[in-house]
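Numbering (our numbering), first residue to last: 52 to 256.
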């Protein structure tokens, strides 16, 4: 059962990145340099993005159940918060922005809807959970004499934090938007490899 739960957590990242990449490429009017990935939940076919977020968030939570006892408690809690944050954000659609979907004004919105605000808050809380999870694991692994994974976890946490702060203060600058997209991919990669690493350890191989 534990290995099944870890496998569920491991596939969340590839699903999120894979589906999100396809959406970004095929949806008319979407530009990764300008638009956050979450606005893909708007317009025709937006339900695909919402369903993907809810599914991958729940898969992450299942993976955390499989991680119990294998990682620091702070890491497990942080990852659970991340999974729940992604799920909650998927349930609340981000507001259209910067001309997406096509027909949306390119000027900044005058008001923020309740679901747009909820999406932002859920996502922000989830991101902070992931950052704390990665940094806590980095500290534990460094103490335990495993510098490779400690460095990977530290880089993930620090880069994600820097990108998160940057995009919040960027005002839509393309370089920072792309940097945050890279951080998202890095974060999901870290989660998937963490799940697989513990799944392999559990098999004794």
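Positions of the beta carbon are idealized from the N, C-alpha and C atoms, including for glycine.
All values derive from a computational prediction rather than experimental measurement.
Beta-carbon gap between residue i and residue j smaller than 8 Å
| i | j | result |
| --- | --- | --- |
| residue 153 | residue 79 | yes |
| residue 231 | residue 242 | no |
| residue 134 | residue 109 | yes |
| residue 103 | residue 132 | no |
| residue 66 | residue 81 | no |
| residue 229 | residue 85 | no |
| residue 114 | residue 59 | yes |
Status (buried if at least 16 other CB within 10 Å, exposed otherwise) for residue i
| i | result |
| --- | --- |
| residue 256 | The predicted position of residue 256 is uncertain, since its pLDDT is 32 and thus under 50; a value taken from the coordinates is nonetheless stated next. Classification of residue 256: exposed, given that the 10 Å Cβ count is below 16. |
| residue 251 | exposed |
| residue 63 | buried |
| residue 76 | exposed |
| residue 160 | exposed |
| residue 61 | buried |
| residue 73 | exposed |
| residue 245 | buried |
| residue 220 | exposed |
| residue 216 | exposed |
| residue 202 | exposed |
| residue 173 | buried |
| residue 196 | exposed |
7 Å CB neighbourhood of residue i in its chain, flanking five on each side removed
| i | result |
| --- | --- |
| residue 123 | 187, 188, 191 |
| residue 249 | 57, 118, 121 |
| residue 236 | 68 |
| residue 207 | 185, 237, 238, 241 |
| residue 149 | 85, 86, 157, 223 |
6 Å CB neighbourhood of residue i in its chain, flanking five on each side removed
| i | result |
| --- | --- |
| residue 254 | Here residue 254 scores only 45 on pLDDT, less than 50, and its place in the model is too uncertain to base an answer on. |
| residue 234 | 210, 211, 214 |
For residue i, the first and last residue of its enclosing alpha helix (DSSP H)
| i | result |
| --- | --- |
| residue 172 | 165-194 |
| residue 65 | 53-77 |
| residue 105 | 97-118 |
| residue 140 | 124-142 |
- prompt: If we count Cβ pairs, one from each stretch, closer than 8 Å, do we get three or more for the stretch 138-148 versus the stretch 165-178?
  reply: yes
contact_flag[the stretch 182-200, the stretch 127-142] where n(CB pairs < 8 Å) is 3 or more: yes
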